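J.: Before anything else, here's the structure in question.
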Amino acid sequence: MQVRRNILVAALLINLSFLFAGCTSVDRQSVASQIAKQSGLTRENVQTSSFLIVTWSRITPPATSLHVYIEGDGFAWQSRTRPSDDPTPHNPVGLTLAATDTRADVLYLARPCQFVGPALPADCSVRWWTEDRFSAEVLEAMNEALDRFVARYPGVQLDLTGYSGGGNIAALLAERRKDVRSLRTVAGNLDVSYVNALHHVSAMPDSLNAIDSAAALRHIPQLHLSGDADKTVPSDVARRFVQAVGGNCARTAVVSGMAHGSDWAAIWPQWLAQGVPAC
């Protein structure tokens, strides 16, 4: 029965993914809602001190552990020089990963200003999904949204997963929190400065960079997946991060044929089943 459910969810995600290309913000929200609904994830808007953070979750009290998924940067840029008007992702890989997770307790966090349009609130300046998307203000909002859920389940332990830029956020959260028991990233941008230099784009001086505090994660079990066909965040980013972490708790895995925006959800259940390295 569970295998059949996984197949149905995977088929839905594949079919819906084709609808994202070129669709409006309203369409993107509608398709994301369908993905979430199919997996029993319920939307909740969390107003933090800085931003409205959109979440989808499936939690059965009392929750003792919570799989938390953090979305990537979304549709941040229309071109190399022109930012988008709405960062809602065309391909919400983080949400599809959460949708394929069959654990009892799953939480998905969108990034600031994603899925809140088409009329974005006044606090949704372009800077929050471009040069300041990894700023202290953004990290604090993500942490505040996560705190809102943790407060409902005292003692809950967190298993964090971040996709792309969400990987940077996940690692930064893991460094500052005391309730994180594991960390996973998928095509994670774990070294923002290195990736920006690689693509010859402007530096982000006010952005927090996970690799700078990697050593503080030495005792957290973690797995960092990357694709050998990923030209956006190549595999050496994860390798550099794990080297900076040191110790024996972190490892990388390179998946053949996978690009940055590939269908990571199709292979996610098997990687979840393998778990993270034991320390």
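Numbering follows the numbering used here, in which position 262 of the sequence shown is assigned residue number 251; successive positions increment by one, without gaps.
Where a beta carbon is used, it is the ideal one built from N, C-alpha and C, also for glycine.
In this text the structure is predicted, and so the values were computed from the model without any measurement.
Confirm, please, whether the CB-CB distance from Ala159 to Thr174 is below 8 Å.
T.: The residue given as residue 174 occupies position 185 in the sequence shown. The residue given as residue 159 occupies position 170 in the sequence shown. Result yes, Cβ atoms of Thr174 and Ala159 sit closer than 8 Å.
J.: With distance defined between alpha-carbon atoms, name the residue in Glu120, His208, Thr31, Asp168 nearest to Thr49.
T.: Your numbering for residue 49 matches position 60 in the sequence shown. The shortest Cα separation from Thr49 among Glu120, His208, Thr31, Asp168 belongs to Thr31.
J.: Can you give the Cα-Cα distance for Gly246 and Leu214, rounded to whole angstroms?
T.: Position 257 of the sequence shown, counting from 1, holds the residue named residue 246. Position 225 of the sequence shown, counting from 1, holds the residue named residue 214. The straight-line gap from Cα to Cα measures roughly 13 Å.
J.: Could you name the residues of the same chain whose beta carbon sits closer than 6 Å to that of Val154, not counting the 5 residues immediately before and after it, in chain order?
T.: Here residue 154 refers to the residue found at position 165 of the sequence shown. First, the amino acid is wrong: residue 154 is Gly here, not Val. For Gly154, where only same-chain residues beyond five positions count, the Cβ hits under 6 Å are Gly61, Asp62, Asn178.
J.: Which term fits Ser46, buried or exposed, when burial requires 16 or more other beta carbons within 10 angstroms of its beta carbon?
T.: Looking up residue 46 in the sequence shown gives position 57. Buried, because 16 or more other Cβ atoms sit within 10 Å of the Cβ of Ser46.
J.: How long is the line joining the alpha carbons of Ile59 and Leu147, rounded to whole angstroms?
T.: Within the sequence shown, the letter at position 70 stands for residue 59. Within the sequence shown, the letter at position 158 stands for residue 147. For Ile59 and Leu147, the distance between alpha carbons rounds to 12 Å.
J.: Report yes if the CB atom of Gly216 is closer than 8 Å to the CB atom of His249, and no otherwise.
T.: Position 227 of the sequence shown holds residue 216. Position 260 of the sequence shown holds residue 249. It is a contact, given that the beta carbons lie within the stated cut-off.
J.: Can you give me the C-alpha to C-alpha distance between Leu149 and Ala163, rounded to a whole angstrom?
T.: The sequence position of residue 149 within the sequence shown is 160, counting from 1. The sequence position of residue 163 within the sequence shown is 174, counting from 1. Leu149 and Ala163: Cα-Cα distance of roughly 8 Å.
J.: From which residue to which residue does the alpha helix (DSSP H) around Asp225 run?
T.: Reading the sequence shown from its first residue, position 236 is the one you call residue 225. First-last of the alpha helix (DSSP H) with Asp225: 224 to 234.
J.: If you measure between the beta carbons of Ala125 and Leu197, is that distance less than 8 Å?
T.: Taking the sequence shown and counting its residues from 1, one reaches residue 125 at position 136. Taking the sequence shown and counting its residues from 1, one reaches residue 197 at position 208. Closer than 8 Å, so yes.
J.: When we look at the beta-carbon of Ala227 and count the other beta-carbons within 10 Å, is it buried (16 or more) or exposed?
T.: Here the question's residue 227 lines up with position 238 in the sequence shown. Its Cβ being crowded by 16 or more others within 10 Å, Ala227 is buried.
J.: Three or more C-beta pairs under 8 Å: does that hold for the segment 74 to 92 against the segment 132 to 139?
T.: Contact between the segment 74 to 92 and the segment 132 to 139 is absent, because fewer than three Cβ pairs lie under 8 Å.
J.: I need the straight-line Cα distance from Ala93 to Ser68, nearest angstrom please.
T.: As a working note, residue 93 is residue 104 in the sequence shown. As a working note, residue 68 is residue 79 in the sequence shown. Answer to the nearest angstrom: the Cα atoms are 40 Å apart.
J.: Rounded to whole angstroms, what is the Cα-Cα separation between Ser54 and Val169?
T.: Start at 1 with the first residue of the sequence shown, and residue 54 comes out as number 65. Start at 1 with the first residue of the sequence shown, and residue 169 comes out as number 180. Whole-angstrom Cα-Cα distance: 10 Å.
J.: Ser73: which of His79, Phe64, Asn80 sits nearest, CA to CA?
T.: Looking up residue 73 in the sequence shown gives position 84. With distances taken between Cα atoms, Ser73 lies closest to Phe64.
J.: Note down the Cα distance separating Ser171 from Gly264, rounded to an integer number of angstroms.
T.: Within the sequence shown, the letter at position 182 stands for residue 171. Within the sequence shown, the letter at position 275 stands for residue 264. Near 9 Å, if we compare the C-alpha coordinates of Gly264 and Ser171.
J.: Quick check on the burial criterion: 16 or more other C-beta atoms within 10 angstroms. Buried or exposed for Asp195?
T.: Locating residue 195 in the sequence shown gives position 206, counting from the first residue. Asp195 comes out exposed.
J.: Please list, in chain order, all residues of the same chain as Pro110 whose beta carbon is under 7 Å from its beta carbon, the five residues on each side excluded.
T.: For the purposes of this step, residue 110 is identified with residue 121 of the sequence shown, where counting begins at 1. Excluding sequence neighbours, Pro110 sits near Leu41.
J.: Which word fits Cys268, buried or exposed, when buried means at least 16 other C-beta atoms lie within 10 angstroms of its C-beta?
T.: The residue given as residue 268 occupies position 279 in the sequence shown. By the 10 Å Cβ count, Cys268 comes out exposed.
J.: May I ask you to report which of helix, strand or coil DSSP gives Thr44?
T.: For the purposes of this step, residue 44 is taken as residue 55 along the sequence shown, with counting starting at 1. Three-state result, Thr44: strand.
J.: From Ser19 to Asn34, what does the alpha carbon distance come to, in whole angstroms?
T.: Here the question's residue 19 lines up with position 30 in the sequence shown. Here the question's residue 34 lines up with position 45 in the sequence shown. Going from the Cα of Ser19 to the Cα of Asn34 covers about 15 Å.
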